[in-house]
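Residue numbers (the working numbering): -1 to 303. A virtual CB, placed ideally from N, CA and C, is assigned to each residue, including glycine. Reading through the structure tokens given below for one structure.
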Amino acid sequence: MSIEKYKGIFPAFYACYGDDGNISKERTAALVEFFVAKGMNGLYVGGSSGECIYHSVEDRKIQLEAVMEANKGRLTIIAHVACNNTKDSCELARHAESLGVDAIAAIPPIYFKLPEKAIAKYWNDISDAAPNTDFFIYNIPQLAGTALTLPLLDEMLKNPRVVGVKNSSMPVQDIQMFKRQGRLNGKEIIVYNGPDEQFVSGRLIGADGGIGGTYGVMPEMFVKMNKALADGDFDRAQALQNAVCDVIYSMCSGKGNMYAVAKAVLNKRAGLELGGVRAPLLNLQDGDEAVVDKTVELINKALAI
-1 MSIEKYKGIF PAFYACYGDD GNISKERTAA LVEFFVAKGM NGLYVGGSSG
49 ECIYHSVEDR KIQLEAVMEA NKGRLTIIAH VACNNTKDSC ELARHAESLG
99 VDAIAAIPPI YFKLPEKAIA KYWNDISDAA PNTDFFIYNI PQLAGTALTL
149 PLLDEMLKNP RVVGVKNSSM PVQDIQMFKR QGRLNGKEII VYNGPDEQFV
199 SGRLIGADGG IGGTYGVMPE MFVKMNKALA DGDFDRAQAL QNAVCDVIYS
249 MCSGKGNMYA VAKAVLNKRA GLELGGVRAP LLNLQDGDEA VVDKTVELIN
299 KALAI
């Protein structure tokens, strides 16, 4: 089994809505084409940036079907399938495998504080529902309330389908520790950098690529950072990362949800109409258009580096 296809830049795919607020297959397809044209290595579908926590099982199926239909095998697809119960998660895992995704991923169950034995069973049950598909652990403790520990990773690496970790914890050291733990288990695993603000530092300490929620508005910048690192041009990589951070800080300065800002930025940058965000997330609020304009300006400035 080759894990090379999982290396590189994977935008976290945005939920694309029609004017009626439902998932739009046409707008989803347009966003897929945008990422193909920008030279992305793959897409991470149905995660936090896809507003999955506010989608029904049917919504998530429709979105993934639209992505797969539009992609036509061009990009590697990782589908996040976790719901806050095993039954629905397994249903989405089976569905994802039926569509031919490259891998599935899952956060741990949220709300109740579960023992690691229960978390491992939850993940393994989901993986068992898609027995022919690779599996990624999604570590995002600041939102899930549960952190991936090394003993839990050891337990999960007994599952031959587990090929890596999407790591969105803030300590960069976690990336190094997870890579090392894989090797201690006799397994070379993929570890993604999650926090976009630390893409360069994450890659330098061992991340095989990145999955991020702001990649979508400026995919070129993450390609540039990746190339600068490959070329050994660390000064340029640092300058690019600083410029990316300025864009992110701007995106987060609005009153509405960051993904509402992101979709408005994409509309101005690429003419893509992706709709707003799903309630209870807030759409653009008074004054946010200035934030959108400033963000576009910062991206254009960053692209000149």
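Under 8 Å: do the segment 271 to 278 and the segment 252 to 260 share three or more Cβ pairs, one atom per stretch? These segments touch.
Pro149: CB within 8 Å of a non-hydrogen atom of the ligand PLP: The ligand PLP is absent from the structure shown, which contains no ligands of any kind.
Taking only runs of the alpha helix (DSSP H) that begin and end inside the segment 43 to 107, which ones reach a length of at least 4 residues, in chain order? Complete alpha helix (DSSP H) runs here, min 4: 55 to 69, 84 to 97.
Uninterrupted beta strand (DSSP E) stretches inside the segment 118 to 184 (no shorter than 3 residues): Taking only runs of at least 3 residues, the beta strand (DSSP E) segments lying wholly in the segment 118 to 184 are 132 to 137, 160 to 165.
With distances taken between CB atoms, is the gap from Val294 to Ala235 smaller than 9 Å? Note that the C-beta distance between Val294 and Ala235 is not below 9 Å.
Let's see if you can read the secondary structure: which residues bound the alpha helix (DSSP H) around Phe33? Per DSSP, Phe33 is one residue of the alpha helix (DSSP H) stretching across 23 to 35.
Tell me which residues share the same chain as Ala91 and place their Cβ nearer than 6 Å to its Cβ, disregarding the 5 neighbours each side in the sequence. Hits under 6 Å: Val79, Ile102, Ile124, Ala127, Ala128.
Can you give me the C-alpha to C-alpha distance between Leu151 and Asn122, rounded to a whole angstrom? Here the alpha carbon of Leu151 sits roughly 12 Å from the alpha carbon of Asn122.
Three-state secondary structure assigned by DSSP to Ala10: Note: Ala10 maps to strand in three-state DSSP.
Please return the same chain residues whose Cβ sits closer than 6 Å to the Cβ of Ala13, not counting the five positions on each side in sequence. If we look at Ala13 and ignore the five residues flanking it on each side, its Cβ neighbours are Gly48, Glu49.
Just the C-alpha distance for Leu282 and Gly252, rounded to the nearest angstrom, thanks. Taking the straight line joining both Cα atoms gives about 8 Å.
So the beta strand (DSSP E) Gly210 belongs to, where does it begin and stop? Run containing Gly210: 207 to 210, per the beta strand (DSSP E) assignment.
According to DSSP, residues forming a beta bridge with Leu280: Residue pairing from DSSP leaves Leu280 without any beta-bridge partner.
Taking only the alpha-carbon atoms, compute the straight-line gap between Gly40 and Ala288 and give it to the nearest angstrom. Cα to Cα, Gly40 sits roughly 31 Å from Ala288.
Which residue wins for smallest C-alpha separation from Asn265, given the options Ala145, Ile51, Asp194, Phe32? Taking only the C-alpha atoms, the option nearest Asn265 is Phe32.
Inspect the beta-carbon positions of Gly214 and Tyr4 and report whether they are closer than 9 Å. Their beta carbons are not under 9 Å apart, which means Gly214 does not touch Tyr4 by this criterion.
Across which residues does DSSP place Leu41 in a beta bridge pair? Per DSSP, the beta-bridge partners of Leu41 are Ile75.
Would you mind reading off the limits of the alpha helix (DSSP H) that contains Ile246? Taken as a continuous stretch (DSSP letters only), the alpha helix (DSSP H) holding Ile246 covers 232 to 249.
Have a look at Glu271, Pro217, Ala27 and flag the residue whose alpha-carbon is nearest the alpha-carbon of Val245. With distances taken between Cα atoms, Val245 lies closest to Pro217.
Under 8 Å Cβ to Cβ from Ala262, same chain only, skipping five residues before and after it: list those, please. Counting only Cβ-Cβ distances below 8 Å, and skipping sequence neighbours, we find Leu282, Asp286, Glu287, Val290.
According to the neighbour-count rule (16 or more other Cβ atoms, all chains shown, within 10 Å of its Cβ), is Phe176 buried or exposed? By the neighbour-count rule (16 or more Cβ atoms within 10 Å), Phe176 is buried.
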